[in-house]
Amino acid sequence: MRKTLISLALCAGFAATAQATPLMSTEWAAQACTGWNNNPILTNELAEKWIKNDAGRGYKVVHMYRTDCGADTRIELTISAKDGKALCSYGGKVAHANLDDAVDYVMHAETKRWREMGAGEYGPMRAMMFGRLKFEGPKGEAMRVMGPFEQFLLMPGKVPGDDTCPAK
0 MRKTLISLAL CAGFAATAQA TPLMSTEWAA QACTGWNNNP ILTNELAEKW
50 IKNDAGRGYK VVHMYRTDCG ADTRIELTIS AKDGKALCSY GGKVAHANLD
100 DAVDYVMHAE TKRWREMGAG EYGPMRAMMF GRLKFEGPKG EAMRVMGPFE
150 QFLLMPGKVP GDDTCPAK
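For the sequence shown, the residue numbers in numbering that gives the first Met the number 0 are 0 to 167.
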């Protein structure tokens, strides 16, 4: 009986570990993409102007990663204009390696900071002012969409993910 209980406990532990998805892993990105599409503030308010600045490509790219895990772990969300909305059409490993600084974004922060932003402890303005969120891309455009962008920064608190670094 004791051996059976130990075996069951070990199996449960391995199963739980296997099911854990690291924050900002490719699997997490796919879930974040779904989360984006289920958020009317992101899909509607970013459709008004933000998504239209796409260099004629029909999409914008957002690369994200956890600084303490390294830039080699970056993931991508591709946001496309569809049916009058800004919809996430892809979430996963980097599909667009060459970004256009006039339309695309790269964001990174320490895991602790992503967790704080995801919990709503502070928004994008404070995160950038205090250097908690590193950011590349069209800064003027980003300033104009701070409201909806705050919803984006809540994603690490809404999409489950553990603190294990994603695979490179």
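We put the CB at the ideal spot given by N, CA and C, even for glycine.
Per-residue DSSP class, three states only, for residue i
i: E109; result: coil
i: A85; result: strand
i: G90; result: strand
i: M23; result: coil
i: D162; result: coil
i: T56; result: Residue identity check: residue 56 is Arg in the sequence provided, not Thr. Here R56 sits in coil by DSSP.
i: G119; result: coil
i: D67; result: helix
i: L41; result: helix
i: N97; result: coil
For residue i, the first and last residue of its enclosing alpha helix (DSSP H)
i: F134; result: Where F134 is concerned, there is no enclosing alpha helix (DSSP H), although the beta strand (DSSP E) it sits in stretches over K133 to E135.
i: K138; result: K138 to R143
i: K157; result: M154 to K157
i: R125; result: P123 to M128
First through last residue of the beta strand (DSSP E) which encompasses residue i
i: K81; result: I74 to K81
i: K51; result: Counting along the chain, K51 falls outside any beta strand (DSSP E), and DSSP gives it neither H nor E.
Presumed contact (8 Å Cβ cut-off) between residue i and residue j, rounded CB distance
i: P159; j: T72; result: Between T72 and P159 the Cβ distance is about 18 Å, and since that is not below 8 Å, they are no contact.
i: M145; j: M124; result: 6 Å
i: R65; j: W113; result: 6 Å
i: K157; j: G57; result: Wrong, their Cβ atoms sit about 27 Å apart, outside the cutoff.
i: P161; j: L41; result: The displayed chain sequence assigns Asp, not Pro, to residue 161. Actually they do not touch by this definition, with Cβ atoms about 24 Å apart.
i: A31; j: G90; result: 6 Å
Inter-residue spacing [alpha-carbon to alpha-carbon] between residue i and residue j
i: T163; j: G122; result: 24 Å
i: A101; j: H62; result: 14 Å
i: K92; j: E75; result: 6 Å
i: K51; j: E44; result: 12 Å
i: A46; j: Q150; result: 14 Å
i: C87; j: P39; result: 12 Å
i: F134; j: L98; result: 13 Å
i: A108; j: D82; result: 33 Å
i: F84; j: T110; result: The displayed chain sequence assigns Lys, not Phe, to residue 84. Answer to the nearest angstrom: the Cα atoms are 30 Å apart.
i: S79; j: A29; result: 15 Å
i: K48; j: Y104; result: 16 Å
i: M128; j: L152; result: 15 Å
DSSP beta-bridge partners of residue i
i: H62; result: E75 and V105
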